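There are 4 protein chains.
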Amino acid sequence: MSNETPIGRHRWAIAEGYIPGWSNGPEPELQSHETCCVLNTGPNSAKVSLMLYFEDREPQGPYLLAVPARRTVHLRFNDLQDPAPVPRGVGFSCVVESDVPVVVQHTRLDSRQAANSIMTTLAYPV
Amino acid sequence: MSNETPIGRHRWAIAEGYIPGWSNGPEPELQSHETCCVLNTGPNSAKVSLMLYFEDREPQGPYLLAVPARRTVHLRFNDLQDPAPVPRGVGFSCVVESDVPVVVQHTRLDSRQAANSIMTTLAYPV
Amino acid sequence: MSNETPIGRHRWAIAEGYIPGWSNGPEPELQSHETCCVLNTGPNSAKVSLMLYFEDREPQGPYLLAVPARRTVHLRFNDLQDPAPVPRGVGFSCVVESDVPVVVQHTRLDSRQAANSIMTTLAYPV
Amino acid sequence: MSNETPIGRHRWAIAEGYIPGWSNGPEPELQSHETCCVLNTGPNSAKVSLMLYFEDREPQGPYLLAVPARRTVHLRFNDLQDPAPVPRGVGFSCVVESDVPVVVQHTRLDSRQAANSIMTTLAYPV
Numbered sequence: 001m002s003n004e005t006p007i008g009r010h011r012w013a014i015a016e017g018y019i020p021g022w023s024n025g026p027e028p029e030l031q032s033h034e035t036c037c038v039l040n041t042g043p044n045s046a047k048v049s050l051m052l053y054f055e056d057r058e059p060q061g062p063y064l065l066a067v068p069a070r071r072t073v074h075l076r077f078n079d080l081q082d083p084a085p086v087p088r089g090v091g092f093s094c095v096v097e098s099d100v101p102v103v104v105q106h107t108r109l110d111s112r113q114a115a116n117s118i119m120t121t122l123a124y125p126v
Numbered sequence: 001m002s003n004e005t006p007i008g009r010h011r012w013a014i015a016e017g018y019i020p021g022w023s024n025g026p027e028p029e030l031q032s033h034e035t036c037c038v039l040n041t042g043p044n045s046a047k048v049s050l051m052l053y054f055e056d057r058e059p060q061g062p063y064l065l066a067v068p069a070r071r072t073v074h075l076r077f078n079d080l081q082d083p084a085p086v087p088r089g090v091g092f093s094c095v096v097e098s099d100v101p102v103v104v105q106h107t108r109l110d111s112r113q114a115a116n117s118i119m120t121t122l123a124y125p126v
Numbered sequence: 001m002s003n004e005t006p007i008g009r010h011r012w013a014i015a016e017g018y019i020p021g022w023s024n025g026p027e028p029e030l031q032s033h034e035t036c037c038v039l040n041t042g043p044n045s046a047k048v049s050l051m052l053y054f055e056d057r058e059p060q061g062p063y064l065l066a067v068p069a070r071r072t073v074h075l076r077f078n079d080l081q082d083p084a085p086v087p088r089g090v091g092f093s094c095v096v097e098s099d100v101p102v103v104v105q106h107t108r109l110d111s112r113q114a115a116n117s118i119m120t121t122l123a124y125p126v
Numbered sequence: 001m002s003n004e005t006p007i008g009r010h011r012w013a014i015a016e017g018y019i020p021g022w023s024n025g026p027e028p029e030l031q032s033h034e035t036c037c038v039l040n041t042g043p044n045s046a047k048v049s050l051m052l053y054f055e056d057r058e059p060q061g062p063y064l065l066a067v068p069a070r071r072t073v074h075l076r077f078n079d080l081q082d083p084a085p086v087p088r089g090v091g092f093s094c095v096v097e098s099d100v101p102v103v104v105q106h107t108r109l110d111s112r113q114a115a116n117s118i119m120t121t122l123a124y125p126v
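Here you go:
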């Protein structure tokens, strides 16, 4: 393929979401966080929107971001502000939509105890 | 999509299941646990049933739960009681069935040693 | 579904394999290990064979096991003996074949340092 | 199948990439690293190329490697040199292409704190 072939899907879902409520270690590297990595291999910028789902309230969003052509964005849910920050220590889920194909992977770093722990999975390609 | 489009599958399988037998750290956050996250993006409540499979006995279940419309449930296997609790320190597997499409992700937190560890994966969409 | 519907695939691949070379903590729980979880939801016992692939030698196997009807097996690669044990501290991959559909998930516990770490993923359904 | 059946896909994507910037513990085992495991079950050597994508610069590559017939390669991104090393502490993504079918899994070991953490996922089969 050329370096500009779009790869992936327009919609992805992450059923597990949770930002641990506290941290140990230097920030920003070892702050407890939850990340959504979005890869756009195509020649056009991707308009991406995130919708968050909770256990006890209506969905929150959309959160809007751009992933430029031939770029990746490693987005920390911790940094989302508009329309509202993501509550800490609360379970959520996420649906990612893009106007061009992208690939989405979900990662968490949990540093609530002295040594951090990490986990990752491919998101569900809808 | 609208915020009410159902996403996912009716049936999912998790081959790896195990609730570690002990814990370090404050509960409930750092109790060793195994979680099944179920996202229902659709407009109708999901009737979900779990069946557990073991290495040395007949399947146990069904465990019944509801995931309301536009909600996620992060269910700890530790909390299952009916028809029977899930034994600790024993390997199991799980099949999740829903009457509407849902997305399922599997997560474990293991705090048997001083610093917890976490792992996650998308369940297998049947 | 009934409790006896076969779920999954006949063949799965795990590209990442590695049994850490040492451990901290009580055995068997906290021994560093690599596991292949095989779920057989069907009414007939599954005849399963594993073939291991290495970086510097010919494939090793087949390793044969049975997964009874409506059961799961959480197999530690550490315990494989016939036709040969799995070397420690060496990278490998694994192909799992079954005569009936099964679901396969891959997990590692690494306790080489003071607090163990775990990771998991769905295997690749061929 | 025979031991020589090719399994997998020609192209895979890993959206999450990051080599932690420092380490604790003996090298090479416990050096913080990011790995791409490539399994080639077929009868012919695989010509594999990696292209890396970043948040703030043009894609970097291709990195070329061979995976011999019936072999696996567990490639550390840390070891890539040509056309350029992979920067530490920087987010990236990766697209893997092969002229024959292969299976790809992504793994990280993070030993920035006293006890290492590991995570893994199947790559996205394009």
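Chains as they are written, first to last, in this note's numbering: chain A, 1 to 126; chain B, 1 to 126; chain C, 1 to 126; chain D, 1 to 126. The beta-carbon is built from N, C-alpha and C at its ideal position, and this holds for glycine as well. The structure displayed is predicted, hence computed values, not measured ones.
Cβ-based burial, residue i [other Cβ within 10 Å; buried from 16]
| i | result |
| --- | --- |
| P28/B | exposed |
| E4/C | exposed |
| G42/D | buried |
| P85/D | exposed |
| P59/C | buried |
| G89/A | exposed |
| N116/C | buried |
| N44/C | exposed |
| I118/C | buried |
Chain-ordered chain B contacts of residue i [CB-CB under 9 Å]
| i | result |
| --- | --- |
| T35/D | The contacting residues do not exist; T35/D stays about 16 Å from chain B at best. |
| T48/C | Reading off the sequence, residue 48/C comes out as Val, not Thr. Ordered by position in chain B, no residue passes the 9 Å Cβ test against V48/C, which lies about 12 Å from the chain. |
| S117/D | A115, S117, I118 |
Whole-number beta carbon distance between residue j and residue i, since they are thought to touch under 8 Å
| i | j | result |
| --- | --- | --- |
| T72/A | V38/A | 7 Å |
| Q105/D | A15/C | 4 Å |
| H10/D | E55/C | At roughly 21 Å, the Cβ-Cβ gap does not stay under 8 Å, so H10/D and E55/C are not in contact. |
| L122/C | Y124/B | 6 Å |
Chain B contact residues for residue i, given Cβ-Cβ distances below 7 Å
| i | result |
| --- | --- |
| V103/C | A13, A15, Y124 |
| L39/C | A13, A15, Y53, S93 |
Reference residue i; option with closest CA among the options
| i | options | result |
| --- | --- | --- |
| C36/B | W22/B, S23/B, M51/B | M51/B |
| I7/A | P101/A, N24/A, R108/A | P101/A |
| P20/D | H10/D, R9/D, E34/D, G61/D | E34/D |
| P68/C | V48/C, Q81/C, C94/C, N78/C | V48/C |
| P26/A | D110/A, L75/A, W12/A, R9/A | D110/A |
| A46/B | L75/B, R108/B, R70/B | R70/B |
| W12/A | S117/A, A115/A, D99/A, N116/A | D99/A |
| Q113/C | F92/C, W22/C, P87/C | W22/C |
| S32/A | D79/A, R108/A, T120/A | R108/A |
| P83/C | F92/C, E55/C, L64/C, S93/C | L64/C |
| G91/D | I118/D, F77/D, A123/D, V103/D | F77/D |
| R57/A | D79/A, A123/A, S93/A, E97/A | S93/A |
| L80/A | L30/A, Y53/A, G61/A | G61/A |
| E97/B | T120/B, N40/B, P87/B | N40/B |
Partners in chain D for residue i, counting only beta-carbon separations shorter than 8 Å
| i | result |
| --- | --- |
| T121/B | T121 |
Residues that residue i contacts on chain A, provided the C-beta gap is smaller than 7 Å
| i | result |
| --- | --- |
| R108/D | I118 |
Chain-ordered chain C contacts of residue i [CB-CB under 8 Å]
| i | result |
| --- | --- |
| R112/B | G25, E29, L30, N116 |
Under 9 Å by beta carbon: chain A residues contacting residue i
| i | result |
| --- | --- |
| G8/B | A13, A15, Y124, V126 |
Next on the checklist: Counting only Cβ-Cβ distances shorter than 9 Å, please list the residues of the region 84–101 of chain C near chain A, keeping chain order.
Outcome noted: none
Checklist entry - Of all the residues that make up the region 54–71 of chain A, which are near chain B by a beta-carbon distance shorter than 7 Å? => result F54, E55, E58, P59
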